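Per the numbering used here, the sequence shown starts with residue 1349, numbered consecutively. Reading through the structure tokens given below for one structure.
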Amino acid sequence: MPLVQTRRLTKSYQSAAAPVFGLREVDLAVEPGELLVLMGSSGSGKSTLLYLISGLERATEGEIHFGDQRIDTMSETELSLLRRTGIGFVFQAINLIPHLSLFENVVLPGYLVEADRAVVDARASELLETLGIRALADRLPAQVSGGEQQRAAIARAMINAPRALLADEPTGALNSSAGSAVLDSFKAINARGQTIVMATHEVKSACIGDRIVFLRDGQVRGEYRMADQAMPAAEREAAVLAWLVGQGW
Ligand SMILES: Nc1ncnc2c1ncn2[C@@H]1O[C@H](COP(=O)(O)OP(=O)(O)OP(=O)(O)O)[C@@H](O)[C@H]1O
Ligand SMILES: [Mg+2]
């Protein structure tokens, strides 16, 4: 059973003339444990799809299933509980709380859910270790690099062990080496079983996916399954790029 499934998911906006579609009849299934990449140029609907799945925005039409729950019919209270515990979200704009240390940023949403702070602290340490920033735990966000900040934001999104981690252009604000460290972090947590859906418009970022779904004009236009993750990075990028060009990239 898919962890996330959308059926004819549509988001439209009213405008003076005809409605503008952010997303149009999208059918998407995300399997547990998958690292799924949403790829498409600016305006193709990537953020809209992630925001609908997380309940940050409401669909105009269609259904969103999360396990055996329906997201599109949930109340705001149910949605905020789901976002606190079931779904983690990582944004392009990193938005850590500036006067709290990385560690404090990570544990904060954990303390809201789990009364035993020692349990949360232990989990935070483990996450920071996995993401390679444990030595920086006591620094303020301004005292670490952008890539390190983003990895702290990933740890924060993971603190309540969400069933799905959604990320919207998580490397968009980073230089190439910081971006690579963040991509490696996604691979590391995916290898431990975390389901991830990541939106990007960069070929290099897209290559970490088990599967790439190509969006254009709010619709799914094609999908690519990574044949062999062991393929050298340059070959993989060339294969993905050739496929994208074939899709009208
Ligand atoms: N509030 C809104 N009113 C009208 N149109 C909107 C609104 N929000 C988004 N759209 C439109 O919906 C479409 C999809 O936008 P979306 O933000 O999902 O694209 P994206 O793929 O995330 O792009 P980017 O790579 O630039 O982040 C775009 O054409 C956009 O102009
Ligand atoms: Mg976007």
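For every residue, glycine included, the Cβ atom is placed at its ideal position computed from N, Cα and C. This structure is a prediction, so every number in the text was calculated from the model and none was measured.
- By the C-beta density criterion, tyrosine 1361 is exposed, having fewer than 16 other C-beta atoms within 10 angstroms.
- Excluding residues up to 5 positions away in sequence, Glu1405 lie with their Cβ nearer than 7 Å to the Cβ of tyrosine 1399 in the same chain.
- DSSP, read as helix, strand or coil, puts serine 1428 in helix.
- By the Cβ neighbour-count rule, proline 1457 is buried, with 16 or more other Cβ atoms within 10 Å of its own.
- For leucine 1460, the three-state secondary structure derived from DSSP is coil.
- Distance from the Cα of glycine 1436 is smallest, within the candidate group Asn1453, Ile1445, Ala1501, for Ala1501.
- Our two residues, alanine 1578 and alanine 1515, have alpha carbons roughly 24 Å apart in a direct line.
- Cβ contact annotation for glycine 1494 (same chain, cutoff 8 Å, sequence separation greater than five): Ile1442, Ala1521, Leu1522, Asn1523, Ala1526, in chain order.
- Leaving aside the five residues that flank tryptophan 1591 on each side, the residues in its chain whose CB is nearer than 7 Å to its CB run, in chain order, Tyr1572.
- Excluding the 5 residues flanking it on each side, methionine 1506 has same chain C-beta neighbours closer than 8 Å at Gly1436, Leu1475, Leu1513, Ile1537, Gln1542, in chain order.
- Under the Cβ criterion (8 Å, minimum of three pairs), the region 1424-1439 does not count as touching the region 1371-1383.
- With a cut-off of 7 Å, the C-beta of valine 1368 is classified as near ligand 1, since at least one heavy atom of the ligand falls inside that distance.
- When Leu1563, Pro1580, Val1467, Ser1390 are compared, the shortest CA-CA separation from cysteine 1555 is found for Pro1580.
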